[in-house]
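2 protein chains.
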Amino acid sequence: MDAQLKRGILDVCVLAAIKNEDSYGYKIIKDVKPVLDLSESTLYTILKRLEESKMLEVKAIIHEGRVRKYYHITKNGLNRIEEFKNEWKKIMEVYSFILGE
Amino acid sequence: MDAQLKRGILDVCVLAAIKNEDSYGYKIIKDVKPVLDLSESTLYTILKRLEESKMLEVKAIIHEGRVRKYYHITKNGLNRIEEFKNEWKKIMEVYSFILGE
DNA sequence: TCTATATACTTCGTGTTATGATGTATTACA
DNA sequence: TGTAATACATCATAACACGAAGTATATAGA
Numbered sequence: 004m005d006a007q008l009k010r011g012i013l014d015v016c017v018l019a020a021i022k023n024e025d026s027y028g029y030k031i032i033k034d035v036k037p038v039l040d041l042s043e044s045t046l047y048t049i050l051k052r053l054e055e056s057k058m059l060e061v062k063a064i065i066h067e068g069r070v071r072k073y074y075h076i077t078k079n080g081l082n083r084i085e086e087f088k089n090e091w092k093k094i095m096e097v098y099s100f101i102l103g104e
Numbered sequence: 004m005d006a007q008l009k010r011g012i013l014d015v016c017v018l019a020a021i022k023n024e025d026s027y028g029y030k031i032i033k034d035v036k037p038v039l040d041l042s043e044s045t046l047y048t049i050l051k052r053l054e055e056s057k058m059l060e061v062k063a064i065i066h067e068g069r070v071r072k073y074y075h076i077t078k079n080g081l082n083r084i085e086e087f088k089n090e091w092k093k094i095m096e097v098y099s100f101i102l103g104e
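Those protein sequence lines, which keep their order, are chains A and B.
So for the first sequence, this note's numbering puts the first residue at 4; every next one is plus one.
So for the second sequence, this note's numbering puts the first residue at 4; every next one is plus one.
Below, the structure is given as structure tokens:
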């Protein structure tokens with residue numbers, strides 16, 4: 004998909020991926036990739052950003068000798084998803100415009 | 004609307020605005036703004052980009068003492084719109100994912 | 001006549017962001 | 001021994017939206 008089109012949905016996509024269950028980087032990539040291709044560097048950048056803006060909380064856990072960072076969605080994160088749903092209405096208007104008013 | 008969400012649709016939005024009739028910067032802003040807010044600097048940046056990628060052709064015309072640059076969509080531009088419509092299907096899948104698989 | 005306001009386009013600097021490349025480290029299996 | 005899978009991190013780069021500021025003309029109203 005066009006790189007520009009991705010922006011703005013990627014963040015929310017990651018939030019959605021952990022909405023129902025805490026998850027970690029490697030798993031999130033596996034879950035999101037079939038729907039929307041993203042690289043490791045992109046994902047970890049996003050996770051850091053979402054953490055900084057308090058939409059996610061992190062807990063590091065040792066799993067089979069490796070560090071695993073589990074991400075948990077916060078209220079802010081849930082709000083962001085709701086906000087996105089509202090923005091979507093606007094997006095649909097724009098789409099109609101593009102199809103030919 | 005979220006700045007990131009705009010990217011990827013702005014270009015196509017501008018193309019759509021001149022699809023049926025040649026237009027110029029000032030008018031394009033007026034036409035697109037009700038649907039999707041954009042500033043002058045943004046618009047002219049986009050127009051330049053679309054011209055460079057051969058999606059638009061420009062013709063400068065003197066209108067009431069002022070220069071007016073009329074933009075005409077090319078075949079490339081029309082293709083871009085069609086491409087966008089295809090990408091939209093993918094976007095809808097992502098949207099479903101966000102809503103909760 | 002003076003002054004907004006509308007018309008019309010341009011340039012620059014800044015901040016945000018996706019991504020490829022590269023690196024580190026462990027476990028599992030052939 | 002080697003190779004794939006697991007798991008996360010960092011850096012440099014390029015694309016892009018946007019505010020700010022600038023240039024210039026026409027027109028309507030005070």
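All C-beta atoms, glycine included, are put in the ideal place defined by N, C-alpha and C.
With a cut-off of 8 Å on Cβ pairs, the stretch 23-43 of chain A is not in contact with the stretch 15-27 of chain B, counting fewer than three such pairs. Chain B has a Cβ within less than 8 Å of the Cβ of residue 5(A). Note that the stretch 76-85 of chain A does not touch the stretch 59-72 of chain B; fewer than 3 beta-carbon pairs, one per stretch, sit closer than 8 Å.
A Cβ-Cβ contact shorter than 8 Å links residue 90(B) with residue 5(A). Taking 8 Å as the cut-off, the beta carbon of residue 83(B) is found closer than this to the beta carbon of residue 18(B). Sequence-distant Cβ neighbours of residue 52(B) in its own chain, meaning closer than 8 Å and more than five residues away, are 14.
The three-state secondary structure of residue 8(A), taken from DSSP, is helix. Distances from the alpha-carbon of residue 103(A) to those of 43(B), 48(B) and 38(B) put 38(B) closest. Proximity of residue 28(A) to chain B, defined by a Cβ-Cβ separation below 8 Å, is not satisfied. Under DSSP, the beta-bridge partners assigned to residue 62(B) are 73(B). The alpha-carbon of residue 81(B) is positioned some 19 Å away from that of residue 7(A).
Note that the C-beta distance between residue 49(B) and residue 97(A) is not below 8 Å.
DSSP places residue 15(B) inside the alpha helix (DSSP H), whose first and last residues are 13-21.
By the neighbour-count definition (other C-beta atoms within 10 Å, threshold 16), residue 9(A) is a buried residue.
Counted as a single uninterrupted DSSP element, the alpha helix (DSSP H) harbouring residue 34(B) occupies residues 28-35.
Burial check for residue 95(B): the Cβ neighbour count within 10 Å stays below 16, so the residue is exposed. Separation of residue 16(A) and residue 99(B) (C-alpha to C-alpha, rounded to the nearest whole angstrom) is 10 Å. Against residue 94(A), the close residues of chain B are 4, 8 and 12, in the order they occur along the chain (beta-carbon pairs closer than 8 Å). Within the stretch 72-94 of chain A, the residues whose Cβ lies closer than 9 Å to some Cβ of chain B are 84, 86, 87, 88, 90, 91, 93 and 94, listed in chain order. Between the alpha carbons of residue 60(B) and residue 35(A) lies a distance of about 39 Å.
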